[in-house]
Amino acid sequence: MARTALEAAKLFVEFANETGSPYHTVTSCVKLLVTAGFTELREGQPWKLATGGKYYVTKGGADIMAFIVGGKFKGDSQDSGISMVGAHTDSPCLRLRPNSKMSSAGMLQVGVQTYGGGLWHTWFDRPLGFAGKAVVRDASGMLSERLVRVPDPVMLVPNLAIHLQTADERKAFNVNTESHLQPVLCSSLFEDEAFPVEKAAEKDSKAEAAKAKAVKMKVEVAKMEMEMAEMEAQMVEMAPMEMEVARVICSS
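Per this note's numbering: the sequence shown ends with 570, consecutive numbering throughout.
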């Protein structure tokens, strides 16, 4: 069915909003292909193809190939050929590090590393969610893979306030991907009352203040991990304590 450019653009936006990682992209592609009458082929098994048939095969959950066998195609004829179009299932993003716990200047942050050649200056001051694949352990002890996607804004890469930069610094803005792109999750002030570091300092007990600060930081990190685990668990419909999470992608 012929579509206008605007209709096609809206369909693409809907498709993009369902993705966020290569795994989600492939899952969305499979839905579109199945709706269009394509048949799945299994890697490692014999393929039975017919002229006019429509097929697809996935690999590792992050790659997909689809093809249609022409009605006049003959495998033993030099007159038959192929037309091929390729595209990425991945895209430049901020990828969560295996050990993503970070804290600085009273803020809890999430450690990330850049993936691909992105326009990193466009990631500042944008609410970020995350998506990827999680490994979970069920009540029987078995491990399985689940897709996780949290579209809600849960973190932010903040820009420096304009009055803290000179005109030359703003003009020559250069992103340090190791220090400038670590998203902020939340403030650490919520535990100040429970762990009164300031009161300990007022009593001139530096050791007590340092100990209270260390305990406070552990509580903050544990709370951050629990909040992220709860969000992930909601997406895969499991209790947080049943999850062993392998966080993969952080996307906008």
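Cβ atoms here follow ideal geometry from the backbone N, Cα and C, with glycine treated the same way.
> With 16 as the cutoff for other CB atoms within 10 Å, does A449 come out buried or exposed?
Replying inline: buried
>> Looking at the secondary structure, which residues open and close the beta strand (DSSP E) in which L474 lies?
In response: L461 to L474
> Under the three-state reduction of DSSP, which class applies to A384: helix, strand or coil?
Replying inline: strand
> Is P469 closer than 9 angstroms to G355 when the C-beta atoms are compared?
Replying inline: no
> Are L503 and V430 close, meaning C-beta to C-beta below 9 angstroms?
Replying inline: no
> Any idea which residues DSSP pairs L478 with across the strands?
Replying inline: Answer is none; L478 lacks a bridge partner.
> Given R321, which residues of its chain have a CB within under 8 angstroms of its CB, disregarding the five upstream and five downstream residues?
Replying inline: L329
> Rounded to the nearest angstrom, how far is the Cβ of R415 from that of Y433, given a contact under 8 angstroms?
Replying inline: About 11 angstroms separates the two Cβ atoms, so there is no contact after all.
> What number of angstroms, rounded off, separates the C-alpha of A512 from the C-alpha of P471?
Replying inline: Model confidence at A512 stands at a pLDDT of 47, short of 50, so the residue's coordinates are unreliable; what they give is reported in the following sentence. Looking at the two C-alpha atoms, the distance is approximately 27 angstroms.
>> Using a Cβ distance threshold of 8 angstroms, determine whether the segment 459–466 contacts the segment 489–498, with at least three qualifying pairs required.
In response: no
>> Let's test the definition: count the other Cβ atoms within 10 Å of the Cβ of K390 and tell me whether it reaches 16, buried, or not, exposed.
In response: exposed
>> Closest to P476 by C-alpha separation, out of D456, A490, R455 and M425, would be which residue?
In response: M425
> Rounded to a whole number of angstroms, what is the C-alpha to C-alpha distance between M473 and G393?
Replying inline: 53 angstroms
>> Could you tell me the alpha carbon to alpha carbon distance between E509 and R360, rounded to whole angstroms?
In response: With a pLDDT of only 47 at E509, under the threshold of 50, the placement of this residue in the model should not be trusted; the figure read from the coordinates follows. C-alpha separation (whole angstroms): 52 angstroms.
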